[in-house]
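Q:
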Amino acid sequence: MLKVIEDFQIDKYRILILDGSRFSTALYRKFLIDGESYEPVSMYDADDSIIAIESSGSFEGKTVEFI
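The opening position of the sequence shown corresponds to residue 16 in our numbering, with each subsequent residue numbered one higher.
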């Protein structure tokens with residue numbers, strides 16, 4: 016699990032910057048945040064500590080569980 020340290024909106028997608036740890040999202044099919052699951056959105060040329068989901072509203076300070 017990693018914590019969201021910053022996030023921002025681009026169109027219908029929420030970009031989440033996680034707490035410095037690098038990981039591979041290829042191994043995970045969903046992200047669990049506040050008890051709700053989200054499917055990862057493919058991103059190219061992004062840092063390994065950044066993920067994207069289809070959502071709105073801030074997730075800053077929340078924990079992301081990889082399932």
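Using N, Cα and C, we set each Cβ at its ideal position, and we do this for glycine too.
Taking Cβ positions, are Leu-42 and Val-79 nearer each other than 8 angstroms?
A: no
Q: To which residues of the same chain is Ala-67 closer than 6 angstroms at the C-beta, ignoring the five residues directly before and after it?
A: A distance below 6 angstroms between beta-carbons, with the five flanking residues on each side excluded, links Ala-67 to the following residues of its chain, in chain order: Tyr-28, Ile-30, Val-56 and Met-58.
Q: Leaving out the 5 sequence neighbours to the left and right, which residues in its chain are closer than 7 angstroms to Gly-35 when beta-carbon positions are compared?
A: Answer for Gly-35: Ser-64, listed in chain order.
Q: Quick one: what's got a C-beta closer than 8 angstroms to Glu-75's C-beta in the same chain, skipping five residues either side?
A: Excluding positions up to five away in sequence, the list reads Val-19, Ile-20, Glu-21 and Asp-22.
Q: My understanding is that Tyr-53 touches Ser-70, with C-beta atoms under 8 angstroms, so please give their C-beta distance in whole angstroms.
A: 6 angstroms
Q: Going by Cα to Cα distance, which pick from Ile-48, Ser-73, Leu-47 and Phe-46 is closest to Gln-24?
A: Ser-73
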